Amino acid sequence: MGMEEALQTFFVESHELLQEMEDRLLAIQGLVVDEDRIEAINAIFRAAHTIKGSAGLFGLDGIVEFTHVLESVLDKVRSSQLVMDADMISLFLKCKDHVSLLVGLEESGGVLQGSDQATGQALVAQLSAYLQAPQTNTVHEEKTHPAITYPHLDPLALESAGGGVVDNDNWHISIEFGPDVLRNGMDPLSIFRYLGTMGTIVQVGTFFDRLPGLSEMDPETCYMSYLINFSSEADKTTIESAFEFVQEDCKINILPPHSRIADFVSVIKGLPQHDLRIGEMLVQCGTLTERELAAVLAYQAAQESGQNSTEAGTKQPLGEMVVQAGFVQPAVVEAALQKQSQQKKTKARQQQSIRVDAEKLDMLINLIGELVIAGAGVNIVAQRSGRADMLEAASTLSRLVEEVRDGALNLRMVQIGETFNRFQRVVHDVAKDLGKEIELLISGGDTELDKTVVEKIGDPLTHLVRNSIDHGIETADIRAARGKPAQGKVHLNAYHDSGSIVIEVQDDGGGLNRDKILAKALEKGLVESVHEMSDSDVFQLIFEAGFSTADTVSNISGRGVGMDVVRRNIEALRGNIEIQSKYTVGTTIRIRLPLTLAIIDGFLVRVGQSHYVIPLDMVIECVDLPEENLNSSKGSNYFSLRGEVLPYMRLRDTFEIDGESGRRESVVIVKYGNTRAGLVVDTLLGEFQTVIKPLGKLFERIKGIGGSTILGTGEVALILDIPNLVQQVVRKDHHESSRLQVRH
Amino acid sequence: MDNTDQVPGKWQVEGEMTIFTAASIKEKLAALLSASSRLEIDLSGVNEIDTAGVQLLLATKKECQAKGGDLTLVHHSIQVLDVLDLCNLTTIFGDPVVISSN
Chain A
137 MGMEEALQTF FVESHELLQE MEDRLLAIQG LVVDEDRIEA INAIFRAAHT IKGSAGLFGL
197 DGIVEFTHVL ESVLDKVRSS QLVMDADMIS LFLKCKDHVS LLVGLEESGG VLQGSDQATG
257 QALVAQLSAY LQAPQTNTVH EEKTHPAITY PHLDPLALES AGGGVVDNDN WHISIEFGPD
317 VLRNGMDPLS IFRYLGTMGT IVQVGTFFDR LPGLSEMDPE TCYMSYLINF SSEADKTTIE
377 SAFEFVQEDC KINILPPHSR IADFVSVIKG LPQHDLRIGE MLVQCGTLTE RELAAVLAYQ
437 AAQESGQNST EAGTKQPLGE MVVQAGFVQP AVVEAALQKQ SQQKKTKARQ QQSIRVDAEK
497 LDMLINLIGE LVIAGAGVNI VAQRSGRADM LEAASTLSRL VEEVRDGALN LRMVQIGETF
557 NRFQRVVHDV AKDLGKEIEL LISGGDTELD KTVVEKIGDP LTHLVRNSID HGIETADIRA
617 ARGKPAQGKV HLNAYHDSGS IVIEVQDDGG GLNRDKILAK ALEKGLVESV HEMSDSDVFQ
677 LIFEAGFSTA DTVSNISGRG VGMDVVRRNI EALRGNIEIQ SKYTVGTTIR IRLPLTLAII
737 DGFLVRVGQS HYVIPLDMVI ECVDLPEENL NSSKGSNYFS LRGEVLPYMR LRDTFEIDGE
797 SGRRESVVIV KYGNTRAGLV VDTLLGEFQT VIKPLGKLFE RIKGIGGSTI LGTGEVALIL
857 DIPNLVQQVV RKDHHESSRL QVRH
Chain B
327 MDNTDQVPGK WQVEGEMTIF TAASIKEKLA ALLSASSRLE IDLSGVNEID TAGVQLLLAT
387 KKECQAKGGD LTLVHHSIQV LDVLDLCNLT TIFGDPVVIS SN
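Line order of the protein sequences matches chains A and B.
880 is the number that the working numbering gives the last residue of the first sequence; the numbers go up by one with no jumps.
428 is the number that the working numbering gives the last residue of the second sequence; the numbers go up by one with no jumps.
#1: Identify, in the order they occur along the chain, each residue of the same chain with its Cβ nearer than 7 angstroms to the Cβ of G335 (chain A), setting aside the five sequence neighbours on each side.
#2: Where are the beta strand (DSSP E) runs, 3 residues long or more, that stay fully inside the region 745-827 of chain A, in chain order?
#3: Judging by CA-CA distance, which residue of A:L536, A:V590, A:N515, A:G513 is the nearest neighbour of M549 (chain A)?
#4: Let me know the secondary structure DSSP gives V865 (chain A) once reduced to three states.
#5: Going along chain B in order, which residues have a C-beta closer than 9 angstroms to the C-beta of C358 (chain A)?
#6: Please report the residue range of the beta strand (DSSP E) in which H627 (chain A) lies.
#7: According to the Cβ coordinates, are A348 (chain B) and G379 (chain B) closer than 9 angstroms?
#8: For P422 (chain B), is the classification buried or exposed, using 16 other Cβ atoms within 10 angstroms of its Cβ as the cut-off for buried?
#9: Roughly how many angstroms lie between the CA atoms of V209 (chain A) and Q217 (chain A), to the nearest whole one?
#10: Quick one: does Q560 (chain A) have its CB under 9 angstroms from some CB of chain B?
#11: Starting from the beta carbon of V409 (chain B), find every residue of chain A whose beta carbon is closer than 9 angstroms, and list them in chain order.
#12: Verify whether the separation of the beta carbon atoms of H627 (chain A) and L162 (chain A) is less than 9 angstroms.
#13: Rounded to whole angstroms, how far is the Cβ of T186 (chain A) from the Cβ of L153 (chain A), which I believe are closer than 8 angstroms?
#14: Find the residues of chain A that neighbour N373 (chain B), judging by a C-beta separation of less than 9 angstroms, and give them in chain order.
#15: Could you spell out where the beta strand (DSSP E) holding V741 (chain A) opens and where it closes?
#16: Tell me the DSSP secondary structure of L335 (chain A) in three-state form.
#17: For the alpha helix (DSSP H) containing M499 (chain A), list its first residue and its last residue.
#18: Residues of chain B with CB under 8 angstroms from V200 (chain A), in chain order?
#19: For M157 (chain A), which residues in chain B fall below 7 angstroms Cβ to Cβ?
#20: If you compare alpha carbons, which of B:V406, B:G341, B:L355, B:G371 is closest to K387 (chain B)?
#21: What's the C-alpha gap between L407 (chain B) and V339 (chain B)?
#22: If we cut at 9 angstroms on Cβ distances, does M327 (chain B) have a partner in chain A?
#23: Could you list which residues in chain B have their beta carbon closer than 8 angstroms to that of V340 (chain A), in chain order?
#24: Could you tell me whether the Cβ atoms of V663 (chain A) and M785 (chain A) are closer together than 9 angstroms?
#25: Tell me whether G505 (chain A) is buried or exposed, calling it buried when 16 or more other Cβ atoms sit within 10 Å of its Cβ.
#26: Alpha carbon to alpha carbon, what distance is there between L577 (chain A) and F559 (chain A)?
#27: Is there at least one non-hydrogen atom of the ligand NAP closer than 8 angstroms to the beta-carbon of K807 (chain A)?
#28: Out of curiosity, what's the CA-to-CA distance linking A494 (chain A) and L547 (chain A)?
#29: What three-state label does DSSP hand Q420 (chain A) in the structure shown?
#30: Taking the Cβ atom as the reference point for each residue, do I727 (chain A) and I639 (chain A) lie within a distance shorter than 9 angstroms?
#31: In whole angstroms, what is the alpha-carbon distance linking N320 (chain A) and L196 (chain A)?
#32: Using a threshold of 9 angstroms, state whether the C-beta atoms of H234 (chain A) and G250 (chain A) are closer than that.
#33: So which residues of chain B does G314 (chain A) contact, with C-beta pairs closer than 9 angstroms?
#34: Ignore the nearest five residues each way along the sequence and tell me which others in G711 (chain A)'s own chain have a CB closer than 7 angstroms to its CB.
#35: For N502 (chain A), count neighbouring Cβ atoms within 10 angstroms of its own Cβ and tell me buried if that reaches 16, exposed if not.
#36: Rounded to whole angstroms, what's the CA-CA distance from V302 (chain A) to G341 (chain A)? Just pull it up for me.
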């Protein structure tokens with residue numbers, strides 16, 4: 137791994153850590169159990185700390201400087217000297233944003249703007265205030281930390297103490313560097329220098345036993361081992377983090393200074409991910425000395441030799457024996473055991489995922505798209521040849537291609553949960569700005585959808601959530617008057633439904649006021665009469681450009697820009713959006729999106745000489761058009777399907793195709809959302825793997841066509857935009873029926 | 327076998343002794359070593375040294391001693407002193423060093 141790559145890894149990891157920090161910060165208020173809180177605080181601290189440490193390795197001083205102050209405050213929180221309240225959480229969130237900004241600037245090579253610099257300084261000032269003003273929590277602190285705890289010395293005090301630090305209070309770090317450390321762009325010396333910023337390096341012992349003579353050595357291989365006597369107040373994780381970039385190919389042992397049992401337990405939990413045997417762990421933690429362990433081992437060996445002839449399975453575990461012998465407290469062993477099983481688990485998890493450049497994935501998908509088209513070509517040639525063996529080979533090939541395609545598309549699938557979780561922050565901030573109390577519920581976070589879709593859905597969703605909070609959820613007094621709990625609820629939900637993914641933004645707020653929307657629409661000339669409009673038609677009006685019913689314009693929303701943009705964004709993803717709302721009860725906004733944007737299973741049909749593809753997920757069944765409807769294009773356009781009225785449209789008419797339809801016509805019944813409709817075609821050609829090619833700019837606006845694809849013969853087929861067609865059918869049907877009503 | 331009367335091979339290193347220059351420095355040192363097992367290396371021109379550089383010096387020292395000679399380091403630059411001090415290697419090389427007042 138070169139330096140540049142390492143730096144990229146740093147950026148990626150920093151963003152992840154910052155995200156975790158934010159998630160934890162937002163979650164912390166809801167945590168009641170002390171242990172959970174402590175764990176969250178530790179995680180937040182670790183995130184800040186790791187970023188600082190890694191940034192230090194790369195010499196990104198700006199980030200180090202800022203995160204150092206942040207870390208100091210977090211450290212006080214961690215040691216219970218400060219209590220994390222809502223103000224502090226908000227401050228930390230702002231700090232997280234600032235670090236994010238700093239990291240982003242390093243990534244893009246940008247320069248810190250004056251205003252951002254001022255923000256940074258203001259944040260540092262706020263943080264420093266916490267550092268200077270000791271809160272009156274010292275009593276609490278003493279309760280949790282018995283008198284034996286080692287004093288929290290500041291570096292200054294340490295220096296003035298004159299270097300007379302007792303050996304026992306020092307950390308002992310032994311590290312054997314792997315051969316590739318230097319080649320990977322890491323220098324042990326810079327790690328030591330970084331370590332020096334966390335405490336005092338009392339002594340470094342250099343061991344070069346592995347180093348051969350000059351003629352035999354490889355100048356770029358690392359042969360060095362070191363033993364470092366290190367005096368620091370930093371904790372194990374902190375010290376460990378200095379070795380983070382090399383720990384994979386190095387053998388590192390970090391021995392903590394003499395300490396309390398409770399500290400040992402936490403230290404065992406913080407051990408690096410080495411496969412350590414429990415005895416070694418205990419010695420490492422200093423709980424047992426080498427001599428004590430040797431005694432225990434000897435005891436075990438003696439017992440074993442006594443039992444050698446009997447069952448080997450009855451061997452007493454070392455951990456148990458250590459406790460029995462009275463050397464350590466059970467709690468310590470338990471923590472050690474827990475750590476061991478945890479290590480196994482993380483190891484298993486680590487192997488489960490790898491990072492891949494998104495570009496490589498896109499390239500793969502493109503290639504597979506071509507492969508699918510080429511495969512279709514092979515199929516056609518095979519069919520023409522009429523040779524059975526050729527046909528068989530071709531069918532095997534297409535089955536495999538299909539599997540490869542599904543697998544490749546699956547690679548691009550990501551869970552929407554992460555996107556949802558981002559909204560915790562949005563809700564927190566916006567609710568705070570507006571002085572409302574709002575809880576965000578998330579469900580269906582494990583629903584998967586295409587990465588590109590996930591990326592593009594963020595902005596529209598943010599807008600909808602903000603809208604829900606600002607316009608949807610009422611102020612506390614109105615809520616009380618309506619008999620609702622003071623705390624408003626916004627619910628984000630996602631699920632799969634017939635080839636689409638549905639994302640819902642639901643709130644228990646005021647709902648949409650139909651009359652108000654209609655009045656506004658009339659005023660703006662968007663509708664001519666208020667009669668005969670269904671609720672959903674009325675609600676769709678709020679997606680018109682420049683439409684806002686808010687009485688007051690807040691700085692969050694209400695200017696009437698936005699909802700139209702939301703709809704455009706969703707439609708650009710071949711999705712649609714619908715609203716269900718009940719005045720004073722709440723609103724549900726439902727976004728329906730296609731699962732993927734690249735390749736779909738299609739259903740190929742023919743009308744005249746043209747081929748059309750219908751996304752297979754939306755096809756419910758195919759039936760023959762009933763005789764009485766044959767050749768009656770001018771007549772009714774619905775028929776009875778097993779007693780149900782089914783509206784249909786003739787694609788021949790819709791796309792104005794010349795020629796007469798054949799003797800038989802088939803109806804493909806499609807479903808979108810809750811609506812079903814029939815599409816009349818000449819011939820059904822069956823399933824077809826469809827690689828979606830976008831239409832040119834010229835054809836983008838054509839209703840009813842969603843894209844194009846290339847058939848195996850090289851011909852072009854158009855992909856039908858079913859949502860749009862279904863709407864057209866239903867609307868036509870609606871007109872017909874209202875005309876009928878007028879006649880009556 | 328005593329090589330002390332052998333004329334020491336002298337060389338002044340210029341620039342950095344790091345992973346980037348390690349390969350070429352090694353070749354140079356190996357050439358010097360094949361001529362004489364007593365080397366005197368002037369480090370005044372070293373403006374940067376890392377673990378790779380330190381390793382080279384240690385390996386040279388080892389090989390010199392194995393052949394009955396020795397490696398002497400002279401005129402350490404501040405950068406070199408700094409690193410030797412950090413790694414506690416000054417005594418291992420055993421060369422007199424000049425500690426500057428600042």
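Positions of the beta carbon are idealized from the N, C-alpha and C atoms, including for glycine.
These numbers come from a predicted model, not from an experiment.
Reading from the atomic positions:
#1: F366, S367, S368, E369, A370
#2: 746-751, 755-760, 774-777, 780-786, 802-808, 811-817, 819-827
#3: A:V590
#4: V865 (chain A): helix per DSSP, three-state reduction.
#5: T377, A378, Q381
#6: 624-633
#7: yes
#8: exposed
#9: 9 angstroms
#10: no
#11: L325
#12: no
#13: 6 angstroms
#14: The contacting residues do not exist; N373 (chain B) stays about 15 angstroms from chain A at best.
#15: 735-743
#16: The residue asked about is misnamed: residue 335 (chain A) is Gly in this sequence, not Leu. DSSP places G335 (chain A) in strand when its eight states are reduced to three.
#17: 494-521
#18: Correct list: empty, because the minimum Cβ distance to chain B is about 20 angstroms.
#19: What M157 (chain A) touches in chain B: nothing, since even the nearest Cβ is about 33 angstroms away.
#20: Ranking B:V406, B:G341, B:L355, B:G371 by Cα distance to K387 (chain B) puts B:L355 first.
#21: 15 angstroms
#22: Here M327 (chain B) scores only 45 on pLDDT, less than 50, and its place in the model is too uncertain to base an answer on.
#23: L412, C413, N414
#24: no
#25: Within 10 angstroms of the beta-carbon of G505 (chain A) lie 16 or more other beta-carbons, which makes it buried.
#26: Going from the Cα of F559 (chain A) to the Cα of L577 (chain A) covers about 10 angstroms.
#27: By its list of ligands, the structure shown contains no ligand whatsoever, and the ligand NAP lies outside what it can speak to.
#28: Between the alpha carbons of A494 (chain A) and L547 (chain A) lies a distance of about 10 angstroms.
#29: With a pLDDT of 46 at Q420 (chain A), under the threshold of 50, the modelled position of this residue cannot be trusted; read the value that follows with caution. In the three-state reduction of the DSSP assignment, Q420 (chain A) falls in the helix class, which pools H, G and I.
#30: Cβ distance < 9 angstroms, so I727 (chain A) and I639 (chain A) count as in contact.
#31: 19 angstroms
#32: no
#33: For G314 (chain A), no chain B residue has a Cβ inside 9 angstroms of its Cβ, as the nearest lies near 12 angstroms away.
#34: I727, R728, L729, P730
#35: exposed
#36: Note that V302 (chain A) scores a pLDDT of 33, beneath 50, so its modelled location is shaky and nothing firm can be said.
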